[in-house]
Amino acid sequence: MIMRVSNYAIAAGASAFLTASPALADVTPEQVWESFSGYLQSFGYTVDATETRSGDSLELADLVFTMELPDDEGRVAVGFGEMTLEDQGDGTVRVILPADTQISVDAAAEDEGELGMVIDYGTEALDMVVSGDPDAMLYAFSAQAMTAVLSELVVDGETVPRDELRAELTASELEGETQVVLADGMRRIDQTVSIGSVSYDGGGQDPEGDGAGSFTGSLSSLVSESQAEIPLDMRFTDMAALLEAGMSMTGRITYGAGQSQFSFTEDGSVTNGSSASESGSFDLAMSEDMLRYGIAAEGIAYNVEGGEIPFPLSAEMDELALTIEAPISASEEPQDMALAMTLGGLTLSDMIWNIFDSGNVLPRDPATVAFDITGQVTPFVDFLDPAQMEALEDGERKPGELNALTLNNLTVEAAGAQLTGSGDFTFDNSDLESFDGMPKPTGAVDLRLAGANGLIDNLIAMGLISDQDAMGARMMMNMFGVPASDPDTLTSKIEINEQGQILANGQRIK
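Per mature numbering (1 follows the signal peptide of the UniProt record, and there is no 0): the sequence shown = residues -25 to -1, 1 to 485.
Written out as structure tokens, the structure is:
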């Protein structure tokens, strides 16, 4: 499938010219080309080029990188024109690319048709020098600017006009280093890249209707740091085998202020919106044992108006974060997992509040929803193995077992009330009867609820709940909670013991 091609592989084919060990000895143009082509081959590409030696330079023309997709699903070909590797006479090699060139990408996949695109690629003041020795090369590069513009798109033989789809990316003040070391049957890649700013502009319209859309945006002060170890004699097309052979990678991207705008038109109605953030980050790590993914942003603001929205809406948030860590390979022993999310300091505009609280009864303090869970699971399948995943989807295999969960933190704050909690549970997978097919849990969770009675009073005053409904809610809280020393505060300890009994503050309720 075209869309299932590895992101790493595509990135290697399209942009490896701006990336690819400290200077220890001399390198020649031929050695640099061998290292560069081997780097691409490790991502699953077949590399073709016309090589011509001219004085101190190795000239490479008609560069094409081709990848056959797994299970005969199709192929992807990336063409890049030409490149010159020039011996500097001091043991280093300069990489020379045309200031303006075109990158062609052709993909064909079974049951999905063919896709072709041409990207106009340009650089300003690009400088790249390779030093080191054949087993340890350092690519140092910089550029004042880089642009990539989608100039042609062909789908199943039909050209898509530019007014139906356009896309452009611009980056400025680029600088970085990529170190490639060959040792112990592995290719180790360490890379650091900084970019002063990135901007993007895109849009399109429905050729059969009046629908249209556009988006623009920018990010500042991007810094990317990544490390990868890839087995030398294996292809990226078999991710499960690569991981089993020791492949691993980690990466982190941070950025400063960012902003974006969008506009959509449908049935003559226009919707406009914008977003902004003060900073953010993206983290990724993968090895045979686990996959970890994390995103975060601070100082976020959203605005939207028009269309079916009767008035402008806006919201702000101090922090947005999500972290996921999970095992991806089958194991006979429990493996660590984690899931955490924070929606911190959410503030809604008065127009949103007035929809349901026109009398300004509820406190409009910033709201927060956050939780942090860690635990252990025993996976029964290799989640990157297509055959095992197909068996899982068909119901022929069980994904795994839940062994333990720890609630490190729970915080919910809104409308003057606050709920916090923490707890631990273990799970007996040999007992699926006590809790109707669920592994029997054993453990406890401690909860603290503050401001609930005040919130109920406000909801009554607003007419959202009746006195009878409020009485039922208060009775339920008193059944499961005990008064704390602070006003309008309840605490509760919910336990599940070895006998499968559920207790609230020591009193059995099931």
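All C-beta atoms, glycine included, are put in the ideal place defined by N, C-alpha and C.
- Item | Coarse secondary structure for F480, derived from DSSP in three states | Taking the sequence shown and counting its residues from 1, one reaches residue 480 at position 505. It should be noted that the sequence gives Asn, not Phe, for residue 480. Coil, per DSSP.
- Task: Check the C-beta distance from R95 over to V129 and give it rounded, since I have them as a contact under 8 Å.
- Result: Numbered from 1 along the sequence shown, position 120 holds the residue referred to as residue 95. Numbered from 1 along the sequence shown, position 154 holds the residue referred to as residue 129. Per the sequence presented here, residue 95 reads as Asp, with Arg not at that position. So it is not a contact: roughly 15 Å between Cβ atoms.
- Query: In chain order, what residues of the same chain lie with their CB nearer than 6 Å to the CB of A203, ignoring the 5 residues before and after it?
  - Reply: Start at 1 with the first residue of the sequence shown, and residue 203 comes out as number 228. Here the set comprises I164, M224.
- Task: State the DSSP-derived secondary structure class of M58, mapped to helix, strand or coil.
- Result: The residue you call residue 58 lines up with position 83 of the sequence shown. Strand at M58.
- Task: Determine the DSSP secondary structure at Y20, reduced to helix, strand or coil.
- Result: As a first step, residue 20 must be located in the sequence shown, where it is residue number 45. Y20 falls in the coil class under three-state DSSP.
- Starting from the C-beta of I469, find all residues in its chain whose C-beta is less than 6 Å away, skip the five residues before and the five after it, and write them out in chain order. Sequence index remark: in the sequence shown, residue 469 carries index 494 (1-based). V420, A479.
- Would you be able to state if there are at least three C-beta pairs under 8 Å between the segment 28 to 46 and the segment 59 to 76? yes
- Query: Taking the DSSP output, what are the residues bridged to F402?
  - Reply: Reading the sequence shown from its first residue, position 427 is the one you call residue 402. According to DSSP, which records beta bridges pairwise, F402 is partnered with P416.
- In chain order, what residues of the same chain lie with their CB nearer than 6 Å to the CB of L38, ignoring the 5 residues before and after it? By one-based count along the sequence shown, residue 38 stands at place 63. Same-chain partners within the cutoff: A24, F55.
- Item | Proximity to A425 [Cα-Cα], best of M437, L465, D442 | For this step, residue 425 is matched to residue 450 along the sequence shown. A425 has its Cα closest to that of L465, out of M437, L465, D442.
- Alpha carbon to alpha carbon, what distance is there between V51 and F190? Taking the first residue of the sequence shown as position 1, residue 190 is located at position 215. Taking the first residue of the sequence shown as position 1, residue 51 is located at position 76. Looking at the two C-alpha atoms, the distance is approximately 28 Å.
- Query: Exposed or buried, what is V(-21) when buried is set at 16 or more other beta-carbons lying within 10 Å of its beta-carbon?
  - Reply: In the sequence shown, counting from the first residue as 1, residue -21 sits at position 5. Its pLDDT being 39, under 50, V(-21) is placed unreliably by the model, and nothing is read from it.
- Put N335 into one of helix, strand or coil per three-state DSSP. The count along the sequence shown starts at 1 and reaches residue 335 at position 360. Note: N335 maps to coil in three-state DSSP.
- Message: Can you tell me which residues form a DSSP beta bridge with M103?
- Response: By 1-based counting over the sequence shown, the position of residue 103 is 128. Bridge partners of M103: V70, F116.
- Message: Please report the distance separating the alpha-carbon of M(-25) from that of P361.
- Response: Working through the sequence shown from its first residue, we reach residue -25 at position 1. Working through the sequence shown from its first residue, we reach residue 361 at position 386. Caution is warranted here: a pLDDT of 40 is assigned to M(-25), below 50, making its placement in the model unreliable, and the coordinate value is therefore given only provisionally. One C-alpha to the other measures close to 13 Å.
- Message: For D110, which residues in the same chain have their Cβ closer than 8 Å to its Cβ, ignoring the five residues on either side in sequence?
- Response: As a first step, residue 110 is located in the sequence shown; it is residue number 135 there, counting from the start. If we look at D110 and ignore the five residues flanking it on each side, its Cβ neighbours are S(-5), V156, L157, A158.
- Message: Any heavy atom of the ligand GDP closer than 6 Å to the beta-carbon of V39?
- Response: Looking at this structure, you won't find the ligand GDP or any other ligand, since it has none at all.
- Query: What is the DSSP secondary structure of L218, reduced to helix, strand or coil?
  - Reply: Numbered from 1 along the sequence shown, position 243 holds the residue referred to as residue 218. Three-state result, L218: helix.
- Cα-Cα separation between M42 and A296, rounded to whole angstroms: Your numbering for residue 42 matches position 67 in the sequence shown. Your numbering for residue 296 matches position 321 in the sequence shown. Going by the C-alpha atoms only, they are around 36 Å apart.
- Item | Beta bridge counterpart(s) of G233 as assigned by DSSP | As a position in the sequence shown, residue 233 is number 258, starting the count at 1. Bridge partners of G233: L194, S252.
- At least three beta-carbon pairs within less than 8 Å, the segment 424 to 440 to the segment 335 to 355: yes
- Query: On the three-state DSSP scale, how would you describe P361?
  - Reply: Here the question's residue 361 lines up with position 386 in the sequence shown. In the structure shown, P361 sits in a helix (DSSP, three-state: H, G or I).
- Quick one, are the C-beta atoms of K415 and D403 less than 7 Å apart? Here residue 415 refers to the residue found at position 440 of the sequence shown. Here residue 403 refers to the residue found at position 428 of the sequence shown. Going by C-beta atoms, K415 is nearer than 7 Å to D403.
- Task: Return the CA-CA distance between V22 and A215, expressed in angstroms with no decimal places.
- Result: The count along the sequence shown starts at 1 and reaches residue 22 at position 47. The count along the sequence shown starts at 1 and reaches residue 215 at position 240. The alpha-carbon atoms of V22 and A215 are separated by roughly 23 Å.
- Task: Put P309 into one of helix, strand or coil per three-state DSSP.
- Result: Counting from one through the sequence shown, the residue named residue 309 turns up at place 334. Note: P309 maps to coil in three-state DSSP.
- Message: Determine whether the beta carbon atoms of L162 and I228 lie at a separation below 7 Å.
- Response: The residue you call residue 162 lines up with position 187 of the sequence shown. The residue you call residue 228 lines up with position 253 of the sequence shown. The question names Leu, but residue 162 is Arg in the sequence shown. No, they are not a contact pair.
- Can you give me the Cβ contacts of A1 inside the same chain, cut-off strictly under 6 Å, excluding the 5 residues immediately before and after it? Within the sequence shown, the letter at position 26 stands for residue 1. Reading off the sequence, residue 1 comes out as Asp, not Ala. Cβ neighbours of D1 beyond the five flanking positions: G66.
- Item | Contact between the segment 307 to 315 and the segment 282 to 292 (3+ Cβ pairs under 8 Å) | no
- Would you mind reading off the limits of the beta strand (DSSP E) that contains G177? Position 202 of the sequence shown, counted from the first residue, corresponds to residue 177. Unbroken beta strand (DSSP E) run through G177: 161 to 180.
- If you count every other CB in all the chains shown that lies within 10 Å of the CB of G375, and 16 or more means buried, which is it? Indexing the sequence shown from 1 puts residue 375 at position 400. Result: buried.
- Go ahead and pull the three-state DSSP assignment for R(-22). Along the sequence shown, read from residue 1 onward, the residue named residue -22 stands at position 4. Low local confidence applies: a pLDDT of 40 at R(-22) is under 50, so the model's placement there is unreliable, and no value is given.
- Query: So which of A220, G177, D108 has the shortest CA-CA distance to G160?
  - Reply: Taking the first residue of the sequence shown as 1, we reach residue 160 at position 185. Nearest of A220, G177, D108 to G160, Cα basis: A220.
- Give every residue of the same chain whose Cβ lies closer than 7 Å to the Cβ of R141, excluding the five residues on either side of it in the sequence, and list them in chain order. Translated into the one-based positions of the sequence shown, residue 141 becomes position 166. Closer than 7 Å at Cβ, skipping near neighbours: L125, G177, G178, G179.
- Going by the CB atoms, is the gap between G226 and L266 shorter than 7 Å? Translated into positions along the sequence shown, residue 266 becomes position 291. Translated into positions along the sequence shown, residue 226 becomes position 251. Result no, Cβ atoms of L266 and G226 do not sit closer than 7 Å.
- Task: Could you spell out the range, first to last residue, of the alpha helix (DSSP H) harbouring A448?
- Result: Stepping through the sequence shown from its first residue, residue 448 is reached at position 473. Segment 442 to 455, the alpha helix (DSSP H) holding A448.
- Report the rounded CA-to-CA distance for Q476 versus T353, giving the unit in angstroms. Here the question's residue 476 lines up with position 501 in the sequence shown. Here the question's residue 353 lines up with position 378 in the sequence shown. One C-alpha to the other measures close to 26 Å.
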